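Numbering (our numbering), first residue to last: 220 to 598. We treat Cβ as the ideally placed atom computed from N, Cα and C, and that holds for glycine. Since the model is a prediction, treat every value here as computed from it, not as a measurement. Structure first, then comments.
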């Protein structure tokens, strides 16, 4: 997902654990036996890696390595099993873009307006491309081409081996949406309140859809339908024509995922919706007390997402809460081998026991846009 700033006002709000830890170090509550985490949270946590600022980027897990960007301007490569640091790479600004891994190379954008291609094993620079403004969009790599948006209003197609520009498509607003590529078409939103369908080879416009507000959400595609959110509504569109099939009144800046005929999407109003992919009918709704920007993921009968205060796991069929872990933010979780990987506003990257021995599934996994790696499984 795309995101600009730790919170809407640029402030990182501490969690209960962070507040208590700070108070203890100051001698305020020393000696009174305060616990920083519940027993359930302690058991849930597999490991945590502390960085120097908030984590809004979403982890990508490839070959037992977790790649994630931080608001401290650093891309981290961590051992996925232990959380040990393997290498880091410093950019010159926030990294809210989620990294993509393809053929041994990590691709990531930074608010320093640069797309970086790094060796996945060492972090060594392979190439860089400068755009005209910040990059919060997450790269997508398909058939040797990197597709990424920039706040300079352009969508870029770059050669994955060299960084050479293949084409650019210009919109009338920031492109913080992350591109999705299906059957030779690039689907991407813009802050000019438009969803674009572009030819993946030439960048020429195939069709556009005018939304009721900015389209920061990253689209997903399933069974010939594009699902995407805007600042006023959530839409289901025909992938070939852009014709609207149904809509939901909700502000959505996250990326939806589709699994077994159900669309799971979070709304800025604080709810996670489970909707019929065919009709848009609500199957169930789970309400939190904070704005939601995290994109949900489905794994082994649970749907996992993050609010500003908690990571939640819900039953996919009923929406019943299975567990919660106190440490929130706007990072989107990834589930691999029964472990939930997610970033937090409290500066940590967490590995949490999912409670199910499963991996993320659904449309974003098939398209290679969950964790933004290239293991596409297009049906």
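Quick one, are the C-beta atoms of residue i and residue j less than 8 Å apart?
i: residue 554; j: residue 577; result: yes
i: residue 559; j: residue 523; result: yes
i: residue 370; j: residue 395; result: yes
i: residue 469; j: residue 482; result: no
i: residue 339; j: residue 360; result: no
i: residue 406; j: residue 438; result: yes
i: residue 471; j: residue 436; result: yes
i: residue 491; j: residue 530; result: no
i: residue 433; j: residue 416; result: no
i: residue 455; j: residue 489; result: no
i: residue 269; j: residue 567; result: yes
i: residue 485; j: residue 509; result: no
i: residue 305; j: residue 297; result: yes
i: residue 544; j: residue 262; result: no
i: residue 323; j: residue 354; result: no
Could you pull the start and end residues of the beta strand (DSSP E) that residue i belongs to?
i: residue 493; result: 490-495
i: residue 617; result: In this structure the chain extends from 220 to 598, so residue 617 is not present and cannot be described.
i: residue 521; result: 521-525
i: residue 501; result: 501-506
i: residue 378; result: 373-378
i: residue 384; result: 384-389
i: residue 337; result: 333-338
i: residue 381; result: Neither: residue 381 is in no beta strand (DSSP E) and is coded neither H nor E.
i: residue 341; result: Run containing residue 341: none; DSSP gives neither H nor E here.
i: residue 476; result: 476-478
i: residue 516; result: 516-518
For residue i, name the three-state secondary structure that DSSP assigns.
i: residue 269; result: strand
i: residue 300; result: coil
i: residue 308; result: strand
i: residue 313; result: coil
i: residue 394; result: coil
i: residue 252; result: Low local confidence applies: a pLDDT of 33 at residue 252 is under 50, so the model's placement there is unreliable, and no value is given.
i: residue 434; result: coil
i: residue 283; result: coil
i: residue 498; result: coil
i: residue 240; result: Confidence in residue 240 is poor, its pLDDT being 40 and thus under 50, which makes the residue's placement unreliable; the coordinate value appears in the next sentence. Helix, per DSSP.
i: residue 412; result: coil
i: residue 370; result: coil
i: residue 321; result: strand
i: residue 288; result: strand
i: residue 511; result: coil
i: residue 420; result: coil
In terms of residues, what are the limits of the alpha helix (DSSP H) holding residue i?
i: residue 258; result: 258-263
Practice task
May I have a chain-ordered list of the beta strand (DSSP E) segments no shorter than 3 residues that lie completely inside the segment 436-473?
Solution key: Qualifying beta strand (DSSP E) stretches, in chain order: 439-441, 444-448, 453-457, 463-467.
Problem - Continuous alpha helix (DSSP H) assignments of at least 4 residues falling wholly in the segment 529-584 - result: none
Handout entry: Touching by the beta-carbon criterion (3+ pairs, under 8 Å), the segment 308-327 and the segment 283-290
Key = yes
Exercise for the section: Give a yes or no on contact between the segment 394-412 and the segment 353-368, applying the rule of three or more CB pairs nearer than 8 Å. Expected result: yes
Exercise for the section: Check whether the segment 540-554 touches the segment 265-282, counting contact only when three or more Cβ pairs, one atom from each stretch, lie closer than 8 Å. Expected result: yes
Problem - Stretch-stretch touch, CB-based, cutoff 8 Å, three pairs: the segment 324-338 with the segment 375-386 - result: yes
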